[in-house]
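Going by our numbering, the first residue of the sequence shown is number 1, and it counts up by one from there.
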Amino acid sequence: MTILETLTSFQWDAKLVMTLAAFALHYGEFWLLAQIYSSNQLAKSMAILKQLPTILEHSGPLKPRFDALNKLIKAILEVTRSMVKFKELPPSYISQDVPALSAAMAHVPAAVYWTVRAIVACANQITLPRYALTTTESWELSTLEHKLTNIHEHMRKELATCHQHIDEKRSLEEYKMLVDMFEMIHIDNMKVLKSLIYSKDDMQPLVDGSTKRRVSIEVLRRKNVLLLISDLNISNDELAILEQIYNESRLHATRLDSQYEVVWVPLVDPSIQWTDAMQTKFDSLQSTMPWYTVHHPSLIRKAVVKFVREQWHFRNKPILVVLDPQGKVVSPNAIHMMWIWGSNAFPFTSRREEDLWNTESWKLELLVDGIDPMILNWIKEGKYIFLYGGDDVEWVRKFTNSARAVASAARIPLEMVYVGKSSKREAIRRVLATITVEKLSYFWQDLTMIWFFWTRLESMLFSKIQLGKIDDHDPMMQEIKKLLSYDKEGGWAVLSNGSNIISNGHGNTVLTTLIEYDLWKEHIPVKGFDLSFDEHHKKIHGVTYPCCRFEFPNTAGRIPESMRCPECHRTMEKYTTFLCCHDVGNPHESSLF
């Protein structure tokens, strides 16, 4: 208490530091003399005065004393360091209004008292002439060490809470700066890109996919930049198709619509501990990408993750944010445009998206463009084409045999293409095996093409939603919605004559139309095959409306508040569904709907 009274004019942390400094001088002198007294005459004289030779001659019995002393000194240092860390907390981000800090400050006097008391106990042990600890001394040192350890643990937890509060305030401040940054006008894209990707002047935050070497962010200056934002679960299908589109754009690098660079921005939850398994997965993904990638996910700060999730509606499924040469966001998510039109969608603006939609119509090319040139050749040849899908092997067998029989009877050139389902890869593989063995129809051997077919179809719907133009009276969109709905309810088929789509129906109604060929074949000479098929199918379809269902994963970003049924045009009911397809092929297929 005498020491504390002597230092009464100083703050508590200063009292502790000054007391510790005085002890450190005393303790340091003790061990300095112990090291040099045998070779330095002055040191030897001082050591004799302090009885140091006698103490060192009995170092064996003194070992328990110094062990206890060292443990207590370590506890003293830990408490003092924590005290200093509290003092160093930035007042602009934290004040004593914060419960963790106010609680810590309330315990400071007691913490200083016990630490100073421990320092005095240590000082006494250094100057004692006895060689062994008494029971009382041993108990005191042990009790003080235990007391300070508890104080330090309590301070450590409160300090961690304070740092969390500071990090959150800094992150919020940085988040607001990001929001403001993207509302400003810039002469180039450097400020924007550096605010997203942590980049010091002497740092190279990017990896060039073609050379696998680290490069400066300057390589993107005044270029159109497509930020491919995803977590580490981006699928091989997504990467394969993106790489195909990217490589095609490089082949036409002189074209104006190919002047863009892609940068993969890996987004990882900052609260999750980075592991070796995550590093391995990241390295594997990065090594396959031909475009620029961020060197490491740690370069994407917490505020950036928050910004991407809240401003660009990232929900774990990949998005493609497009920045023009001045860093302005021209599309918060061009991934749907990329799937539908590839690089032809450049510069990926909403205006370009609308213009492209204005050129489209309900033709077979819309469904298969960029997927299979074989089908495009059949279209040019004016053949009848059945696109069909589902995972029921027996229905596939009946459908293909019935379609082939009708084509033979009607003497029309018919081709059939199996395009699977949007999920359930193992079921699709079983169907493909049957089609192969029984030679039922043509199919895509690469399952990535099946994935791409359905992804493009879904992207057509999401594109319209993103544009805010999901018109319930748009015939093309109603047909696309029907297809997506049929995919959830078993088999389905689309029949076209060349590029002109004749009918788009559920598996049961299309199969029944084929089986009942004898009931409508008499109309073919007058009405033609196309109209005769369509009229009979509509008659059956009008009697047996299948349910319509759309599934929007919670990772989809923007989801419409309501939708009208493409069949009966009533407002559809809204449900929440938990779904698992047991399909390891695509990590995004099993999710909350």
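Note that beta-carbon positions come from the ideal geometry of N, C-alpha and C, so glycine has one too.
If I measure Cβ to Cβ from residue i and keep anything under 8 Å in the same chain, skipping five residues before and after, which residues do I get?
i: L72; result: A118, A121, C122, L141, L144, E145 and L148
i: I428; result: D391, G420, K421, L447 and I450
i: I94; result: L101, C162, H165, I166 and K169
i: M105; result: F86 and Q96
i: V294; result: I197, P205, L206, V207, V263, W264, V265, P266 and I300
i: I501; result: W362, K363, L364, E479, V494 and L495
i: A345; result: A334, M337, M338, R352, E353 and L356
i: P325; result: D188, N189, R222, K223 and N224
i: M155; result: V79, S82, M83, F86, A104, H107 and A111
So, at 6 Å on beta carbons, what are the nonlocal neighbours of residue i in its own chain, with the 5 sequence-adjacent residues on each side left out?
i: G327; result: H186, N189 and V192
i: S499; result: K363, L364, E365 and I379
i: Y260; result: N224 and L226
i: H336; result: S459, F462 and S463
i: Y113; result: none
i: Y486; result: W492 and H506
i: H523; result: S532
i: L440; result: T400
i: D180; result: none
Straight-line CA distance for residue i to residue j?
i: H58; j: A22; result: For H58, the pLDDT reaches just 47, beneath the cut-off of 50, and the residue's location in the model is therefore unreliable, although a value from the coordinates is still provided. Each residue's Cα considered, the two are about 27 Å apart.
i: F182; j: E353; result: 22 Å
i: A68; j: R214; result: 52 Å
i: L636; j: N401; result: This structure cannot speak to residue 636, because the chain is shown only from 1 to 593.
i: Y131; j: Y198; result: Low confidence applies to Y131: its pLDDT is 49, below 50, so where it sits in the model is not reliable enough to give any reading.
i: K521; j: L387; result: 22 Å
i: K81; j: I151; result: It should be pointed out that residue 81 corresponds to Arg in this sequence rather than to Lys. Whole-angstrom Cα-Cα distance: 12 Å.
i: N247; j: D167; result: 41 Å
i: F453; j: N377; result: 18 Å
i: R456; j: E153; result: 56 Å
i: D355; j: L242; result: 22 Å
i: L239; j: N497; result: 34 Å
i: N333; j: P109; result: 56 Å
i: L299; j: D231; result: 14 Å
i: E174; j: V98; result: 20 Å
i: V437; j: Y418; result: 14 Å
i: V330; j: Y292; result: 20 Å
i: L367; j: I375; result: 10 Å
i: W444; j: S210; result: 30 Å
i: P290; j: P525; result: 56 Å
i: D237; j: P318; result: 12 Å
i: I465; j: A303; result: 28 Å
i: N70; j: V79; result: 14 Å
i: Q125; j: I76; result: 15 Å
i: T288; j: D474; result: 40 Å
i: K74; j: L89; result: 23 Å
i: L519; j: N508; result: 17 Å
i: D530; j: L432; result: 29 Å
i: K194; j: L20; result: 45 Å
i: D369; j: S503; result: 19 Å
i: M476; j: I435; result: 31 Å
Please look up how many angstroms separate the CB atoms of residue i and residue j, rounded, as I've assumed it's under 8 Å.
i: I229; j: V265; result: 5 Å
i: Y384; j: P413; result: 6 Å
i: F86; j: L159; result: 7 Å
i: V116; j: L25; result: Contact doesn't hold; Cβ gap of about 16 Å is too wide.
i: L178; j: F307; result: 5 Å
i: V305; j: P270; result: 6 Å
Among the residues of its own chain, which have a CB less than 7 Å from the CB of residue i, if the five just before and after it don't count?
i: I371; result: M449, F452 and F453
i: I340; result: R456, S459, M460 and S463
i: K398; result: L511
i: T513; result: F533, H536, H537 and I540
i: W12; result: V108, P109 and V112
i: L467; result: S350, E353 and E354
i: I515; result: S402
i: Y517; result: V406 and A409
- prompt: Below 8 Å, can you find three or more Cβ-Cβ pairs linking the stretch 403 to 420 to the stretch 464 to 483?
  reply: no
Three or more C-beta pairs below 8 Å linking the stretch 385 to 400 and the stretch 354 to 363: Taking one beta carbon from each stretch, the stretch 385 to 400 and the stretch 354 to 363 have fewer than 3 pairs nearer than 8 Å; the two do not touch.
message: If contact is defined by three or more beta carbon pairs under 8 Å, each pair taking one atom from either stretch, is the stretch 277 to 287 in contact with the stretch 308 to 318?
response: no
task: Starting from the N-terminal side, write out each stretch of the beta strand (DSSP E) that is 3 residues or longer and does not extend beyond the stretch 168 to 214.
output: Positions of the beta strand (DSSP E) runs, each at least 3 residues long and wholly inside the stretch 168 to 214, cannot be given because no such run exists.
task: Return the chain-ordered ranges of every beta strand (DSSP E) run that is complete within the stretch 298 to 378 and spans a minimum of 3 residues.
output: 319 to 323 and 329 to 331
task: Output the residue ranges of the beta strand (DSSP E) runs that lie fully inside the stretch 367 to 441 and measure 3 residues or longer, sorted by chain position.
output: 384 to 389 and 414 to 418
- prompt: If you scan the stretch 208 to 251 from start to end, which runs of the beta strand (DSSP E) of 3 or more residues do you find wholly inside it?
  reply: Counting only runs of 3 or more residues that sit fully inside the stretch 208 to 251, the beta strand (DSSP E) segments are 224 to 230, in chain order.
- request: Could I get the ranges of all uninterrupted beta strand (DSSP E) runs contained in the stretch 447 to 532, with 3 residues as the minimum, in chain order?
  value: The stretch 447 to 532 contains these whole beta strand (DSSP E) runs: 492 to 497 and 500 to 506.
Within the stretch 62 to 136, ranges of the alpha helix (DSSP H) (whole runs, at least 4 residues): 99 to 106 and 108 to 127
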